[in-house]
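In the working numbering, the protein residues as written are 678 to 818.
Okay, structure coming up:
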């Protein structure tokens, strides 16, 4: 398994490739920027290694405590944290439960209705690509 520095190097090298690829496919700078931002965020702060005391975990700085229950719930490198697609979905559900409950309790469902579905899909793709980069490099090395 690559160490944290190696994961960071792989992410740094692949980020421009993802950006160029996104722009060549879409010819849209806004789409490219959304994919790039979420790819970099997932690569450095929102990948499978949040299940342990790791670089991504420590990058949350004061907010890293929110990941402690997540670490207690999941075994390191389990399908739930390092699984393609499922790992990203689990992290999004974990991180989104509290705000979602707050929105429901306030009864302000207009916030949910105002979400742009296309942007949400783009963000998920970027997050998944960044997480997949991490998981695939774990499997290869």
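All C-beta atoms, glycine included, are put in the ideal place defined by N, C-alpha and C.
CB contact flag (residue i, residue j, <7 Å)
i, j, result
"residue 699", "residue 712", "yes"
"residue 759", "residue 725", "yes"
"residue 807", "residue 719", "yes"
"residue 751", "residue 744", "no"
"residue 736", "residue 681", "no"
"residue 696", "residue 715", "no"
"residue 747", "residue 771", "yes"
"residue 690", "residue 814", "no"
"residue 788", "residue 780", "yes"
Cβ-based burial, residue i [other Cβ within 10 Å; buried from 16]
i, result
"residue 764", "buried"
"residue 785", "exposed"
"residue 728", "buried"
"residue 810", "buried"
"residue 799", "buried"
"residue 723", "buried"
"residue 791", "exposed"
"residue 704", "exposed"
Where residue i sits in the DSSP three-state scheme
i, result
"residue 793", "coil"
"residue 785", "coil"
"residue 689", "helix"
"residue 731", "coil"
"residue 724", "coil"
"residue 704", "coil"
"residue 818", "coil"
Chain C contact for residue i (CB, 7 Å cutoff)
i, result
"residue 718", "The structure shown has no chain C; it contains just one protein chain."
Notebook entry, point to check: Where are the beta strand (DSSP E) runs, 3 residues long or more, that stay fully inside the region 736 to 779, in chain order?
Noted result: none
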